[in-house]
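Working notes, structure below.
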Amino acid sequence: MENLLQHLAQKQSQFDYAIWAGDIPAHDVWNQSRADQLHVLNTVSDMMLKYLKIPIYPALGNHESSPVDRNSCRNSCRKRFSCRNSCRKRFSCRNAAGIPAEIPAGESFPPPFITGKDSISWLYDALAETWTHWTPVSTKRNIERGAFYSILIRPGLRLISINTNYCNTNNWWKAAEHHRFCRPAAVLTQQLQQAEDKGEKLLTQQLQQAEDKGEKVHIIGHIPPGTGSCLKAWSWNYYRIINRYESTVAAQFFGHTHKDHFELFYDMKNRTRPTNIAYIGPSVTTYQYLNPGYKVYEIDGNYTGSSMQVVNQQTYILNLTEANLTDKPVWKLEYDTKEAYNMSSMTPADWDKFVQRLEKDDKLFQMFYRYYYKSYPAEACDQKCRTALICDLKTARSDDPSMCTLTPEVTWRDLQNYRTANRLC
1 MENLLQHLAQ KQSQFDYAIW AGDIPAHDVW NQSRADQLHV LNTVSDMMLK
51 YLKIPIYPAL GNHESSPVDR NSCRNSCRKR FSCRNSCRKR FSCRNAAGIP
101 AEIPAGESFP PPFITGKDSI SWLYDALAET WTHWTPVSTK RNIERGAFYS
151 ILIRPGLRLI SINTNYCNTN NWWKAAEHHR FCRPAAVLTQ QLQQAEDKGE
201 KLLTQQLQQA EDKGEKVHII GHIPPGTGSC LKAWSWNYYR IINRYESTVA
251 AQFFGHTHKD HFELFYDMKN RTRPTNIAYI GPSVTTYQYL NPGYKVYEID
301 GNYTGSSMQV VNQQTYILNL TEANLTDKPV WKLEYDTKEA YNMSSMTPAD
351 WDKFVQRLEK DDKLFQMFYR YYYKSYPAEA CDQKCRTALI CDLKTARSDD
401 PSMCTLTPEV TWRDLQNYRT ANRLC
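So in the numbering used here, the last spot in the sequence shown is 425, and the numbers never skip.
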């Protein structure tokens, strides 16, 4: 991590700002505590402050909490060889409020209305102190309450950071009150209204205000809405919001998968007109079967009438094999998107045409597949793999087979099983 920051420090004059898409802690989730997570947060934040003098806009990952996802239950139950039954029993008793009575303290990401020992304030308060090194002090209250914020980066361009842990399928707290997790706009701020802060707005209200003012919006988050890691109801409602504000939302940036890809949004009427795109950036961590990587996005310039959309992007990687042989880590350009994929521009319509080309051009698909894994030697991609990957590119709604090319040989269940087997996050 420090080597990457040293590398970026040498070229930071080229950048306007950086996006920190979450998941700073290591993935040894069975060996982490709240204290561990806070130590990592503070250590990495201090390194960023040391090396980077540009604004950094963070979003919250699913690995920042402790226990991560449902691993506390999963691992303790595995030791007793009765995970499924034992864990289910923990949710069989509900208190007067209808909330499972035995959710362990700090499990995953409880919503803001949960207080006391089960509260997530231990993390959100720390995030508020850290993130406001780069965001205005006015964002502190929303970060403390829900780990999200909205800021005007410059006249005409607003950035909204959303907390996607309320769509996380591994967030046990969504079982406590399922309907609260079905509406992304509501989840972001509905419970915050209890704070009696009238300045806090829903996602849709922020987008409506931006539309009224003629602002463009960049949305950042961690879990991409179309992945199996995102709750279906949340994902489908988010999809509707993006389509309603397609002229306002100029770009979306997510992480979580560790790979280099994207998700397309289409109009709600007949699903033929591409309306938006979510860029999913590669991870710096290797985790497994991946080289470290990061992405540089070129945005339409700061002028009257600018689309503020991504006009090109470059991916840089660190070849681990070479680094281990020479003991000298070198970050180098892996590819330039427009050049490698022969794209004249990068509108949603252009990306839709690119996906159509992937379906017909095996050489192009193999190139994309190599970059998908950041040039790490991946296993060959069979028909099931290919169908699943192309389907994912066209599907920004989770659990949605409507854009997939399914056959008796490659069914929807086959694709779901393939995704589960290849999930890294």
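Note that the Cβ used here is the ideal one computed from N, Cα and C, for glycine as well.
Quick caveat: nothing in here was measured; it's all calculated off a predicted structure.
| message | Threshold first: 3 residues or longer. Then list the beta strand (DSSP E) segments lying entirely within the region 255-284, N to C. | response | 261-266 and 274-280
| task | Report, in whole angstroms, the separation of the C-beta atoms of Glu-298 and Gln-313, which I expect to be a contact under 8 Å. | result | 7 Å
| Excluding sequence positions up to five away, which residues of its chain have a Cβ less than 7 Å from the Cβ of Ser-402? | Arg-271
| query | Which residue comes first and which comes last in the beta strand (DSSP E) that contains Pro-292? | reply | Premise fails: Pro-292 is in no beta strand (DSSP E) and is neither H nor E.
| said: Per DSSP, what are the beta-bridge partners of Ile-56 in this structure? | reply: Ala-18
| query | What did DSSP end up calling Asn-42 once you bin it into helix, strand or coil? | reply | helix
| message | On the CB-based measure, 16 or more other CB atoms within 10 Å of its CB, does Phe-15 come out buried or exposed? | response | exposed
| Got a sec, what are the start and stop residues for the alpha helix (DSSP H) Asn-142 sits in? | 140-146
| field | Of the listed residues Val-410, His-261 and Leu-152, nearest to Met-367 (C-alpha basis) | value | His-261
| query | Under the three-state reduction of DSSP, which class applies to Thr-411: helix, strand or coil? | reply | coil
| field | Simplified DSSP state of Phe-368, which is helix, strand or coil | value | helix
| query | Closer than 6 Å: is that where the CB of Arg-145 sits relative to any heavy atom of the ligand PLP? | reply | No copy of the ligand PLP occurs in the structure displayed, which carries no ligand at all.
| query | Are the CB atoms of Lys-259 and Tyr-335 nearer to each other than 7 Å? | reply | no
| Which partner residues of Asp-336 appear in the DSSP bridge assignment? | Gln-314
| His-218 (DSSP reduced to helix, strand or coil) | strand
| Residues of its chain near Arg-88, where Cβ-Cβ distance is below 7 Å and the 5 sequence neighbours each way are ignored | Bear in mind that a pLDDT of 36 at Arg-88, under 50, signals an unreliable position, so the number given afterwards is only what the model happens to contain. The answer is none, since no qualifying residue turns up.
| query | Ordered along the chain, which non-local residues of its own chain (more than five positions away) have a Cβ less than 7 Å from that of Leu-406? | reply | Trp-412
| task | Decide yes or no for the touch test of the region 143-162 against the region 32-48: beta carbon pairs closer than 8 Å, at least 3 of them. | result | no
| Best match in Thr-132, Lys-394 and Ala-388 for proximity to Leu-415 [C-alpha to C-alpha] | Ala-388
| said: Does Glu-64 pass the burial test, meaning 16 or more other C-beta atoms within 10 Å, or should it be called exposed? | reply: buried
| said: Is the separation between the beta-carbon of Leu-290 and that of Tyr-376 shorter than 7 Å? | reply: yes
| As assigned by DSSP and simplified to three states, the class of Arg-78 | With a pLDDT of 35 at Arg-78, under the threshold of 50, the modelled position of this residue cannot be trusted; read the value that follows with caution. Three-state result, Arg-78: helix.
| message | Less than 7 Å between the C-beta atoms of Ile-160 and Ser-150, yes or no? | response | yes
| request: Decide if Tyr-287 is buried, meaning its Cβ has at least 16 other Cβ atoms within 10 Å, or exposed. | output: exposed
| Taking just the CA atoms, how far does Ser-345 sit from Val-311? | 6 Å
| Would Ala-59 be called buried (16 or more neighbouring beta carbons within 10 Å of its own) or exposed? | buried
| task | Note down the Cα distance separating Tyr-245 from Glu-211, rounded to an integer number of angstroms. | result | 8 Å
| query | Residue range of the alpha helix (DSSP H) that Tyr-376 falls in? | reply | Run containing Tyr-376: none; DSSP gives neither H nor E here.
| query | Going by beta carbon distance, what residues of the same chain come within less than 8 Å of Asn-319, once the five residues before and after it are set aside? | reply | Asn-291, Val-330, Lys-332 and Ser-375
| Per DSSP, the bridge partner or partners of Trp-172 | DSSP output for Trp-172 lists no bridge partner at all.
| What separation, rounded to the nearest whole angstrom, lies between the Cα atoms of Ala-147 and Asp-399? | 26 Å
| In three-state terms, what does DSSP make of Cys-429? | As displayed, the chain neither begins before 1 nor continues past 425, which places residue 429 out of reach and without an answer.
| Under the three-state DSSP convention, the category Cys-391 falls into | helix
| task | In the DSSP assignment, find the beta strand (DSSP E) that holds Arg-397 and state where it starts and stops. | result | Counting along the chain, Arg-397 falls outside any beta strand (DSSP E), and DSSP gives it neither H nor E.
| query | Cβ of Tyr-294 within 7 Å of Cβ of Tyr-316? | reply | yes
| Are the CB atoms of Asn-171 and Phe-113 nearer to each other than 7 Å? | no
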